[in-house]
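Everything below concerns the one structure shown next.
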Amino acid sequence: MTENRRDEFGLISYVTGRQKVPTTLRKRITVGNGDDAAIVAGRVNYEWVACCDTMVEDVHFKRQTMLPSDIGHKALASNISDVAAMGGIPLFYLVSLGLPHTWSEEEVAEIYDGMGALALRYNMALIGGDTVAVSGPLTLTITVLGEVERGHGLLRSSARPGDAVFLTGTVGDSGAGLDILLQERWGIANIPAEWMPLANRHRLPEPDVQAGRLLATSGIRVALNDISDGLASEAWEIAQASNVRLELEEAAIPLSAPILHYADVSGNNALDWAFYGGEDYRLVGCVSAKHKENISRAFAERELPLYWIGEVQAGSPEVRIHWQNGESTTLPKKGYNHFNEER
Ligand SMILES: Nc1ncnc2c1ncn2[C@@H]1O[C@H](COP(=O)(O)OP(=O)(O)OP(=O)(O)O)[C@@H](O)[C@H]1O
Ligand SMILES: Cc1ncc(C[n+]2csc(CCOP(=O)(O)O)c2C)c(N)n1
Ligand SMILES: [Mg+2]
Ligand SMILES: [Mg+2]
Ligand SMILES: [Mg+2]
Numbered sequence: 001m002t003e004n005r006r007d008e009f010g011l012i013s014y015v016t017g018r019q020k021v022p023t024t025l026r027k028r029i030t031v032g033n034g035d036d037a038a039i040v041a042g043r044v045n046y047e048w049v050a051c052c053d054t055m056v057e058d059v060h061f062k063r064q065t066m067l068p069s070d071i072g073h074k075a076l077a078s079n080i081s082d083v084a085a086m087g088g089i090p091l092f093y094l095v096s097l098g099l100p101h102t103w104s105e106e107e108v109a110e111i112y113d114g115m116g117a118l119a120l121r122y123n124m125a126l127i128g129g130d131t132v133a134v135s136g137p138l139t140l141t142i143t144v145l146g147e148v149e150r151g152h153g154l155l156r157s158s159a160r161p162g163d164a165v166f167l168t169g170t171v172g173d174s175g176a177g178l179d180i181l182l183q184e185r186w187g188i189a190n191i192p193a194e195w196m197p198l199a200n201r202h203r204l205p206e207p208d209v210q211a212g213r214l215l216a217t218s219g220i221r222v223a224l225n226d227i228s229d230g231l232a233s234e235a236w237e238i239a240q241a242s243n244v245r246l247e248l249e250e251a252a253i254p255l256s257a258p259i260l261h262y263a264d265v266s267g268n269n270a271l272d273w274a275f276y277g278g279e280d281y282r283l284v285g286c287v288s289a290k291h292k293e294n295i296s297r298a299f300a301e302r303e304l305p306l307y308w309i310g311e312v313q314a315g316s317p318e319v320r321i322h323w324q325n326g327e328s329t330t331l332p333k334k335g336y337n338h339f340n341e342e343r
């Protein structure tokens, strides 16, 4: 793998040379890749939205669970999702790569192809990054810069008593997909067709930028968070940031047909993946109940999914779940936590 490898600078131009700059952004990039830092133009009446997320081999993926292009896609998608969760428009990205010698140049190029294809669909431009050789696992850190209309950023702290809680799509599919991908009997290429939608949700998540934009431009107060660690954990984050209690209805949690089927045949509870699985990159949020119909209509007009899953009440920060059997309990704030063995 290491023979004839390009040097650092050769590798950088090999992988970044494959990226296209959307014409919409060209005039905003004063200095792109190739100097000490990029210089990009902001827009009057907008604010910057900036975030960064990392993916590490054996923590966020294994060779068994993700193709190189999937890794690039997902690393960028998780960042775009954070911009979506602020109601923003993703624009620019920077990539930091910690590359062990066990990964070939072709595989690295495929990582960039996965990123580049997603970036192209969202009209985003790569404007820089960093490359280092590492002796440990492959690490991929992406920083995204986006923008949102001044004062329109959507925060986790905006939920109020009397709000309704919504979700922009089904949850749990990614966790179930990971369960499938980790089974050695299949591997990425031979997953039964009926489970493919679950595996694809895990490998190639699609961030809900349109939903975030619709909410940010509605002029309505909205609390919003994206689901990286699981619905339970993200709902708790809203409850704590807003100092309110979220009351969720088990019966209203949207579960896809494939997850219900897979949970059934594998002897699992689909709700465990929905609450604690994570990596769905759907948006969970709260808006005043009086806007429910308007919001539902706006989403339906654009053929965007939207599910109402509960309500917000005054009280100390908590997430409670009303089970179909009539009981209600606190939903544990568990989910994916990097420093907690109990996941
Ligand atoms: N090492 C760090 N240094 C400075 N700020 C950090 C660091 N790690 C996280 N943050 C900040 O903490 C906040 C929460 O970050 P966190 O990573 O939990 O959110 P997230 O990206 O939405 O979730 P996830 O990483 O699970 O996708 C963000 O404002 C983030 O910028
Ligand atoms: C091989 C393998 N094992 C476990 C997982 C599950 N996983 C890893 S990180 C994470 C939360 C989001 O990460 P972050 O909080 O860093 O954004 C989840 C649910 C996986 N994807 N691949
Ligand atoms: Mg993060
Ligand atoms: Mg987030
Ligand atoms: Mg996390």
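Residue numbers (the UniProt record's numbering): 1 to 343.
All residues carry an ideal CB built from backbone N, CA and C; glycine is no exception.
Leaving out five residues on either side along the sequence, give the residues of the same chain with a beta carbon under 6 Å from the beta carbon of residue 259. 172, 173, 176, 270
Looking at residue 280 and ligand 3, is the gap between the Cβ and the nearest heavy atom below 7 Å? no
Given this structure, state the Cα-to-Cα distance separating residue 275 from residue 238, to the nearest angstrom. 15 Å
Quick check: what's the CA-CA separation for residue 97 versus residue 52? 13 Å
Verify the contact flag: residue 163, CB atom, against every heavy atom of ligand 7, threshold strictly below 7 Å. Within the structure as shown, ligand 7 is missing, the only ligands being ligand 1, ligand 2, ligand 3, ligand 4 and ligand 5.
Rank 224, 232, 257 by C-alpha distance to the C-alpha of residue 242 and give the top, closest one. 224
Mind listing, in chain order, the residues whose beta carbon lies closer than 6 Å to a non-hydrogen atom of ligand 1? Chain-ordered list of matching residues: 53, 78, 82, 228, 229.
Kindly indicate which three-state DSSP category residue 210 falls into: helix, strand or coil? helix
Nonlocal neighbours in the same chain, by C-beta distance under 7 Å from residue 131, ignoring five residues either side: 8, 11, 12, 97, 99
Distance between residue 194 and residue 264 (C-alpha atoms, nearest Å): Per the coordinates, the alpha-carbon of residue 264 lies some 13 Å from the alpha-carbon of residue 194.
Using the rule of at least 16 other Cβ atoms within 10 Å of the residue's Cβ for burial, across every protein chain shown, is residue 22 buried or exposed? exposed
Sequence ranges, beta strand (DSSP E) only - wholly within the segment 205 to 258, length at least 3: 222 to 226, 245 to 249
Check: residue 336 C-beta below 7 Å from any heavy atom of ligand 5: yes
Integer-rounded CB distance, given that residue 48 should sit under 8 Å from residue 166: No, residue 166 and residue 48 are not in contact; Cβ-Cβ is about 27 Å, not under 8 Å.
Once DSSP output is grouped into helix, strand and coil, what is the label at residue 33? In the structure shown, residue 33 sits in a strand (DSSP, three-state: E or B).
Assumed close pair residue 312, residue 216 - CB separation to whole angstroms, cut-off 8 Å: So it is not a contact: roughly 19 Å between Cβ atoms.
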